[in-house]
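Colleague: Taken in order, these protein sequences are the chains called A and B.
Quick note on the working numbering: the first sequence kicks off at 4 and runs consecutively.
Quick note on the working numbering: the second sequence kicks off at 4 and runs consecutively.
Every residue, glycine too, gets a C-beta built ideally from N, C-alpha and C.
One structure, as structure tokens, below. Some questions next.
Number of protein chains: 2
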Amino acid sequence: AGDPAAGEGKVAVCAACHGADGQATAPIYPNLAGQNAEYLVSSLKAYRAGDRAGGMSAMMTPQAQALSDQDIADIAAYYSSLEP
Amino acid sequence: AGDPAAGEGKVAVCAACHGADGQATAPIYPNLAGQNAEYLVSSLKAYRAGDRAGGMSAMMTPQAQALSDQDIADIAAYYSSLEP
């Protein structure tokens with residue numbers, strides 16, 4: 004299962020667009036604060052697998068490919084734990 | 004631009020998973036309440052174009068393909084207007 008505290012230490016790159024507090028830094032990016040962890044895992048794995056084109060996938064695919072299953076679980080747990 | 008009031012009348016199908024109030028009915032689906040409209044438009048257009056595989060795309064692609072640009076703008080404006 005994901006560890007929110009570990010996830011907090013892994014979101015430095017994510018935070019440039021999604022915010023350290025899960026509030027996106029520009030409206031083309033999704034807010035992540037309070038988002039369902041299960042969905043965040045599903046979407047990060049879809050990006051990692053190269054399943055998502057369009058949108059911001061040119062940015063997200065390589066970022067997701069740098070993440071292990073545990074990294075994904077931890078990051079999802081962290082953002083999910085934040086107040087929306 | 005999107006019209007939240009018009010969007011409210013177009014989310015009957017979306018609401019089965021994402022909730023009429025934008026709170027997902029199961030954790031594999033994303034909450035949409037208060038999500039950035041610009042991001043929602045981008046993701047719906049990616050689904051509509053067939054750019055997103057994996058995840059829940061088998062459900063989302065045909066749903067998005069039933070939507071016009073105005074429908075997408077209205078639905079995004081509606082969900083974005085809700086309290087997270």
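Chain B beta carbons: is any one of them nearer than 9 Å to that of G58/A?
Modeller: yes
Colleague: Which value, in whole angstroms, describes the spacing of the CA atoms of P65/B and G58/B?
Modeller: 14 Å
Colleague: When you check each C-beta in the region 47 to 73 of chain B against every C-beta of chain A, which residues fall closer than 8 Å?
Modeller: K48, A49, A52, D54, R55, A56, G57, G58, M59 and S60
Colleague: Does the distance from the CB of I78/A to the CB of R51/A come in under 9 Å?
Modeller: no
Colleague: So with CB distances below 7 Å, who are the chain A contacts of S45/B?
Modeller: I31 and G58
Colleague: Count the other C-beta atoms from every protein chain shown that fall within 10 angstroms of the C-beta of A4/A, then say buried if there are 16 or more, exposed otherwise.
Modeller: exposed
Colleague: Which partner residues of R55/A appear in the DSSP bridge assignment?
Modeller: R55/B
Colleague: Is it buried or exposed, A69/A, if we count other Cβ atoms within 10 angstroms and call 16 or more buried?
Modeller: Burial is judged here by how many other beta carbons sit within 10 angstroms of a residue's own beta carbon; A69/A has fewer than 16 and is exposed.
Colleague: Measuring alpha carbon to alpha carbon, tell me which of A29/A, K13/A and G12/A ends up nearest C20/A.
Modeller: A29/A
Colleague: Considering just the uninterrupted stretch of the alpha helix (DSSP H) at T28/A, what are its terminal residues?
Modeller: No alpha helix (DSSP H) contains T28/A, which DSSP labels as neither H nor E.
Colleague: Taking C-alpha atoms, which residue in M62/B, L43/B and Y32/B lies nearest to Y81/B?
Modeller: With distances taken between Cα atoms, Y81/B lies closest to L43/B.
Colleague: Report the residue from M62/B, P87/B and E41/B whose alpha carbon sits nearest the alpha carbon of D72/B.
Modeller: E41/B
Colleague: Hey, is Y42/B's beta-carbon within less than 9 Å of any beta-carbon in chain A?
Modeller: yes
Colleague: For A18/B, decide whether its Cβ has a neighbour in chain A, counting only Cβ atoms nearer than 9 Å.
Modeller: no
Colleague: Name the two residues that bound the continuous alpha helix (DSSP H) containing Q66/B.
Modeller: S60 to Q68
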